[in-house]
Amino acid sequence: MSFSWSDFSHSIVALSKVSDRMEWCYFLGCGMVAFSAPLAILCFIIAPKPQLIVLAISSSIFYLFAIMINTIIWKLLPFLQSSTTIFIMISVLIIETVRPIYFNYFNIGRR
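In structure tokens:
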């Protein structure tokens, strides 16, 4: 017996009270809309080639590293918390400086 996505979503909605069903439907609908395109890219483009999986994971690690640097700067410099324009410029600058570092490591690993 096959268990489809429709059956799964209906079983989650059936677990809740009647008043919460709309909230669950809204949550599942928004989740499917938000994650359908990245999931399709992952399944049809990235998954068939293992080297692209490694590339996607390693680039996400470097991007998270850049976000971590941004949050440290946000906490250490309190004047940035009141000026979002300056913080956005600094954030973009940090992300754009981490990107060539990643490409250098990628080219070293490619050789």
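Mapping of the sequence shown onto numbering that gives the first Met the number 0: position 56 corresponds to residue 55, and the numbering continues sequentially without gaps. Every residue gets a Cβ at the ideal spot worked out from N, C-alpha and C, and that includes glycine.
- Proximity of the segment 88-103 to the segment 59-69 meets the contact definition, three or more beta-carbon pairs being nearer than 8 Å.
- Your pair Leu51 and Ile60 does not check out as a contact, with CB atoms roughly 15 Å apart and the cut at 8 Å.
- When Cβ pairs closer than 8 Å are counted between the two stretches, the segment 67-80 is seen not to touch the segment 33-40, the count staying below three.
- Setting aside the 5 residues that flank it on each side, Val91 has no residue in the same chain whose C-beta is closer than 6 Å to its C-beta.
- Here Ile72 is near Ile89, since their CB atoms are less than 8 Å apart.
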